[in-house]
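Working notes for the structure below.
Number of protein chains: 4
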Amino acid sequence: MANQGKLKGIFTPNIVPLDQHGDIHEPELRRYTDWLIERGVHGLYPNGSTGEFTRFTPEERRRIIAIMADQTRGRVPILAGAAEANTRETIKACEYYHSLGVRAVAIVSPFYYKLSPNAVYAYFKEIGDNTPVDVTLYNIPMFASPIDVATVQRLSEECERVVAIKDSSGDLPHMIRMIQAVRPNRPDFTFLTGWDAALMPMLLIGCDGGTNATSGVVPEITRKLYDLTMSQEIEKARELQYKVVTLFDTMLLSADFPEGFRAALRLRGINPGESRQPYSSDQHLKMETITRVLACLLSDEGFADQPIGGCPVGAQKVDPDQIGRIVKGVLAELKERGLA
Amino acid sequence: MANQGKLKGIFTPNIVPLDQHGDIHEPELRRYTDWLIERGVHGLYPNGSTGEFTRFTPEERRRIIAIMADQTRGRVPILAGAAEANTRETIKACEYYHSLGVRAVAIVSPFYYKLSPNAVYAYFKEIGDNTPVDVTLYNIPMFASPIDVATVQRLSEECERVVAIKDSSGDLPHMIRMIQAVRPNRPDFTFLTGWDAALMPMLLIGCDGGTNATSGVVPEITRKLYDLTMSQEIEKARELQYKVVTLFDTMLLSADFPEGFRAALRLRGINPGESRQPYSSDQHLKMETITRVLACLLSDEGFADQPIGGCPVGAQKVDPDQIGRIVKGVLAELKERGLA
Amino acid sequence: MANQGKLKGIFTPNIVPLDQHGDIHEPELRRYTDWLIERGVHGLYPNGSTGEFTRFTPEERRRIIAIMADQTRGRVPILAGAAEANTRETIKACEYYHSLGVRAVAIVSPFYYKLSPNAVYAYFKEIGDNTPVDVTLYNIPMFASPIDVATVQRLSEECERVVAIKDSSGDLPHMIRMIQAVRPNRPDFTFLTGWDAALMPMLLIGCDGGTNATSGVVPEITRKLYDLTMSQEIEKARELQYKVVTLFDTMLLSADFPEGFRAALRLRGINPGESRQPYSSDQHLKMETITRVLACLLSDEGFADQPIGGCPVGAQKVDPDQIGRIVKGVLAELKERGLA
Amino acid sequence: MANQGKLKGIFTPNIVPLDQHGDIHEPELRRYTDWLIERGVHGLYPNGSTGEFTRFTPEERRRIIAIMADQTRGRVPILAGAAEANTRETIKACEYYHSLGVRAVAIVSPFYYKLSPNAVYAYFKEIGDNTPVDVTLYNIPMFASPIDVATVQRLSEECERVVAIKDSSGDLPHMIRMIQAVRPNRPDFTFLTGWDAALMPMLLIGCDGGTNATSGVVPEITRKLYDLTMSQEIEKARELQYKVVTLFDTMLLSADFPEGFRAALRLRGINPGESRQPYSSDQHLKMETITRVLACLLSDEGFADQPIGGCPVGAQKVDPDQIGRIVKGVLAELKERGLA
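Chains as they are written, first to last, in the numbering used here: chain A, 15 to 354; chain B, 15 to 354; chain C, 15 to 354; chain D, 15 to 354.
Below, the structure is given as structure tokens:
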């Protein structure tokens, strides 16, 4: 059954397809949901950062979960992003998602304001004590108030409903510290990484799975990386992890998040529509280049046609220079944003 | 008339009083509005960061502006915080606030996601081209995507409706760079600082005013600091600026924002109620200490009674050690949050 | 007399001219020393960050001070950078510089390792208790362990020999906090700012002077800015401060520090030679452009000829676009380095 | 032979024992060198960050390498830290260390000034083209100018003498990006991690070894972690990696670096003497507590006696709370320094 036992495996964060009016494109969202399940994702994770939850109204956020829960019909568990304006609104959302049968909710730490550890604790404590559904803490320090190790430990000890943490920091030792602090007392507690570029090593040091945006675009690869790693086929897993780093970097860092993922999704035959965040003409131009690079990366794995004009022969295997240039471009972008 | 001419002076960001159910306390909000106007603020700035705009629902945000516009009845101009989930929702809010007669709206740069300058430009460009009301850009890089100098310049040149920037970075040279880039072509463009600890020097290097949280608690002092600075009574202004630094630091840094301001407001006889962001017991304990310190600082200026047990004699003037200790505590807190 | 009374005014950090072998060019260093004194700097500040103290050997650092002390012959006070590998070596350097008759030494906070406030305190305490010469603390948090307010206060109270702080953070409220914490007990203590882009407002909120790299290139302008500000000719000072921001930004941010200052110095007829830090060909190319921009900025003030091909007419006054482009370029550079 | 073939394995950074006068304690340095080699380290790495290279004079740095090379007599390869004030001095040091028979030198990126990638490239290019000995680039972005992926790639392609990079960022995806960019063209190029808390996952994703400060204190554990990981005994390696995280965090973060390592070394019977960086009384007090915690951690592994008063029974295995408290303390410290 999808809704029992410990959370584990890859929960796929999904972009929400929009129609030409910028509204939720329900038929395409339903088709995308099926497409993901058919490709082997362990679970679905709507209303996460990839799902642009902040760009929808509270009503739209509810409708997204309702559509996906209806379409999924229990085939895989759903981890529903449930953060709203304050604890009262968030608890109401939790109750609604619970009524829809989701496996758990994921609640991002308070954002905009940077709160102290004590305030982060108080926020999750109030929710954890008043929700009917299991809660996953969501730590993404680049966007929201950090949830520190002591706070995770305290919440894990005080709130039975708090059953997991999703951590998108990509910091290996931090993950080890959390596992050390929590697992002895709560062996059922789940640790998920949101940082695709470190999925293999995160699993090897003890994570139970991930919520990985890459799996929304190439679910086949992310699933295979998970399987190879869990069965300790280290060399094969490493080789695949390297490819995931290139793909993840390209999608994550070459454009404003999550536009690189949107572009890649289009190449896979899903129509996500246009973002609600407007584009400048500079950005339109840049996306054309990025789409070409992504097409080459995806065609190399058999997931897309080569772009018109073709790709450097055997992008991944034969021409390390081309990858080098991609990586260089990505890193320059990364630096421009102060992230490296 | 309140709604004509260039924006200037101190626009006061206000906390929204809540009742015992955590709902907007309309009578106290009306009373607080009058209290501020009677104490000489040049304008009002609801739904800003101090106003905890992210913790209200879209409907509540509209209601706050409606109440305050009704209560103000044109006595002072209103700068209404108008950021919503996306440009479409934001433009709708702008139209509504325009219908209420606000002088301008203030729109914070996109937050949660950290956007590139191009994306920040595209966001404000779409709003600036489609709103019926004057727009103030709101740059607060510690919470939201930074608005860089080139973007301010470009928007000032392309969008007549964009008439001002509120900058809460506290960075003097940055303010100078913006003024240099914009003022020659747009002498009507207004520069407001949101960093109370630098209000005097910001005005002296060319700012037109500020949106200063301190003025929501001690409007008399902020107004006096503005007046002394504008009339270039440098020594008197400096002396007052020093006091504002101590007060601002204590309110800003000794507790999760804006709880220090809420505590000080209570001392002035306005009842802001309890925050929607829950408190841990550690935080309750800490607030008691902070409230004592604030009571001493305010009583020293004649704005509050001394706390039970009294204060060090003549806190500001006679006992620099006590101030030293307050400042030390504040700085430790500041460091703990990675801000110093 | 140069060596009595409270430190104040502009102490000029100087680049050390090198000959074609990369060795100290003593005749040019002597000529540059005279050139600065003749142009009205209040004091000299060799072996600072601008003076590239880390790129010289301990013996060379001693020789630089010896040459400049000899050349100055007491006409202006010398603030000698004296940081060496550890406290024992630093104290030996202090003794030597004292024997040369310098007014005071400046000692940068320990760098490379990022030390805790307690360790920074212990470091300066040991030096302050064992040196025969007055000590200026040097806080430059972008390069070295920060010296926090509490540490400045404690050292000012415990060590009579510690007489000043030079702060290069550019943070106005931080300067106010230091002055508040120290001045009541030590009215003789001097506060110097190393951030030229905020010199005027720093002086207006209570600083005693600065150590400003700009004054090594355009001592006339920095001196005038100081004089206008101290006599509270606010509008004139502001206008000049704006020019200093443009010049400072261009020299500081458009090239690896202090190469922009070296290029500008060349335009003023001082020959600093080539840096000991090697250049890539990309950097050589870039310096040509920067030198043109600097030539236009300096010629506009009458301090250099226009470059071949000329400048946009009346760079500062008539063509704000050109300045805009310079500023844009500078800011992009600044961002690339993660500083904005 | 120690000096042939590709660099790999654990190179141990060593603290330099000082005598009661603060001078190099040659007999203890010789004894410590033997002690390390007898415990199975693959190589030695003097004059690194752990070796406090910045706190010695140029002459002392040379003497340290001379003593250790003499004592080692080729039993293990030496990687000699060789950074001096500028490229000329650094190249001279390289020549001297080459004459002593070291396997390679390690050169930290320019520090104090934060240089651009172009300048970092030019610095290493000049050294790489003019040194007789193999060079390891040393990237430690928390202390020195970062060496970005493109720069490592370019240097690996242009300079045969550049044979390795030691990276202390602890960033897994960054390591993957470097390996992807360099290894295809330079299969002989070595990647070493300096971040002990991620040693196992770093080795699993493709690193060749490490320069790990922990191995200077518990060489037996670091060697075992390396062996277990290389033979892919994942569960055993993970268990040991967890212990290394606790030990590393405690030594690294609970005191000013490298004082925690110095305290632990004392517990192992090596006498490092007192640091050249003076201690405040607060620090002395704190070190007593840390030493107790370290004694418990080390006694648990059989490497030290329990402190007077004993330890919680079976610190690592039986009482996760105690470890939790240690970790909490460490993390608070980490946060205080703005590192987490």
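Every residue gets a Cβ at the ideal spot worked out from N, C-alpha and C, and that includes glycine.
Mind checking residue 156/C: buried by the 16 CB within 10 Å criterion, or exposed?
Its Cβ having fewer than 16 others within 10 Å, residue 156/C is exposed.
Between which two residues does the alpha helix (DSSP H) holding residue 181/B run?
Element bounds for residue 181/B: not the alpha helix (DSSP H) but the beta strand (DSSP E), 176-181.
Compare the C-beta of residue 330/C against all C-beta atoms of chain B and say whether one is closer than 7 Å.
Bear in mind that a pLDDT of 40 at residue 330/C, under 50, signals an unreliable position, so the number given afterwards is only what the model happens to contain. No, because no Cβ of chain B sits closer than 7 Å to the Cβ of residue 330/C.
Looking at the C-beta of residue 232/A, does it have a partner C-beta in chain D at a distance below 7 Å?
Taking Cβ atoms only, chain D never reaches closer than 7 Å to residue 232/A, which makes this a no.
Closer than 7 Å, CB to CB, is residue 99/A near chain B or not?
Yes - at least one Cβ of chain B is within 7 Å of the one on residue 99/A.
Of the choices 264/A, 281/A and 216/A, whose alpha-carbon is the least far from that of residue 246/A?
The shortest Cα separation from residue 246/A among 264/A, 281/A and 216/A belongs to 216/A.
Give me the chain D residues within the contact set of residue 200/A, using Cβ-Cβ distance strictly less than 8 Å, ordered along the chain.
Correct list: empty, because the minimum Cβ distance to chain D is about 11 Å.
Identify each residue in the region 122-151 of chain B for which the Cβ-Cβ distance to at least one residue of chain A is less than 8 Å, and report them in chain order.
The residues in question are 124, 125, 126, 127, 128, 129, 130, 132, 133, 135, 136, 137, 139 and 140.
Who are the neighbours of residue 297/B on chain A, taking C-beta pairs under 9 Å?
Going along chain A in sequence order, the residues near residue 297/B (Cβ under 9 Å) are 130, 132, 133 and 136.
What three-state label does DSSP hand residue 86/B in the structure shown?
Reduced to three states, the DSSP call for residue 86/B is helix.
I'd like to know whether the C-beta of residue 211/B is nearer than 7 Å to at least one C-beta of chain C.
Residue 211/B counts as touching chain C.
Quick one: is residue 53/B near chain C, going by C-beta distance under 7 Å?
False, the Cβ-Cβ gap to chain C never drops below 7 Å.
Give the interface partners of residue 259/D over in chain F, defined as CB-CB distance under 8 Å, in chain order.
Any reference to chain F falls outside this structure, whose protein chains are A, B, C and D.
Just to confirm, are residue 112/A and residue 147/A a CB contact at a threshold of 7 Å?
Going by C-beta atoms, residue 112/A is nearer than 7 Å to residue 147/A.
Could you check how far apart the C-beta atoms of residue 184/A and residue 211/A are, in whole angstroms? I think they sit under 8 Å.
Between residue 211/A and residue 184/A the Cβ distance is about 7 Å, and since that is below 8 Å, they are a contact.
Using a cut-off of 9 Å between C-beta atoms, extract the partners of residue 71/B located in chain A.
Within chain A, the residues near residue 71/B are 72, 98, 99, 100 and 103.
Could you check if residue 87/A is buried or exposed, using at least 16 other CB atoms within 10 Å of its CB as the buried criterion?
Residue 87/A is exposed by the Cβ-count criterion.
Quick check on DSSP: helix, strand or coil for residue 318/C?
Note: residue 318/C maps to coil in three-state DSSP.
Residue 312/D: buried (16+ other C-beta within 10 angstroms of its C-beta) or exposed?
Buried, by the Cβ-count rule.
Would residue 194/A be called buried (16 or more neighbouring beta carbons within 10 Å of its own) or exposed?
That one is buried.
My guess is that residue 213/D and residue 224/D are in contact by the Cβ rule of under 8 Å, so how many angstroms apart are they, rounded?
Confirmed, about 5 Å.
Would you call residue 56/A buried or exposed, if buried means 16 or more other Cβ atoms sit within 10 Å of its Cβ?
Under this definition residue 56/A is a buried residue.
Checking contacts by CB at 7 Å: is residue 162/A closer than that to chain B?
So no, residue 162/A is outside the interface.
Beta-carbon separation of residue 60/A and residue 79/A under 7 Å?
Taking 7 Å as the Cβ cut-off, residue 60/A and residue 79/A qualify as a contacting pair.
Please report the residue range of the alpha helix (DSSP H) in which residue 138/D lies.
From DSSP, the alpha helix (DSSP H) with residue 138/D extends over 131-142.
Strictly under 7 Å for the Cβ-Cβ distance: is residue 38/D near chain A by that measure?
Chain A contact via Cβ: absent.
What's the gap between the Cα of residue 43/B and the Cα of residue 298/B?
Distance between the alpha carbons of residue 43/B and residue 298/B: 24 Å.
Give a yes or no on whether the C-beta atoms belonging to residue 305/A and residue 277/A are separated by under 7 Å.
Taking 7 Å as the Cβ cut-off, residue 305/A and residue 277/A qualify as a contacting pair.
For residue 321/D, which of 100/D, 290/D and 282/D has the nearest alpha-carbon?
When each option's Cα is compared against that of residue 321/D, the closest is 282/D.
When the cut-off is 7 Å and only beta carbons count, does residue 4/D lie next to chain A?
Here chain D covers residues 15 to 354 and nothing more, so residue 4/D does not appear.
Along chain A, in chain order, which residues have C-beta atoms closer than 8 Å to that of residue 218/D?
Near residue 218/D (Cβ distances below 8 Å), the residues of chain A are 214, 215, 218, 248 and 252.
Under the three-state reduction of DSSP, which class applies to residue 27/C: helix, strand or coil?
Reduced to three states, the DSSP call for residue 27/C is strand.
Taking CB distances under 7 Å as the criterion, tell me whether residue 294/C reaches chain D.
Yes, contact with chain D.
For residue 291/B, go through chain A and note every residue whose CB falls closer than 9 Å to its CB, in chain order.
100, 101, 124, 127, 129, 133, 136 and 137, listed in chain order.
Among the candidates 250/C, 75/C and 325/C, whose CA atom is the shortest distance from the CA of residue 40/C?
Among 250/C, 75/C and 325/C, the Cα nearest to that of residue 40/C belongs to 75/C.
Going by DSSP, what residues sit across from residue 152/C in a beta bridge?
DSSP, once it has assigned bridges, lists 122/C and 180/C as partnering residue 152/C.
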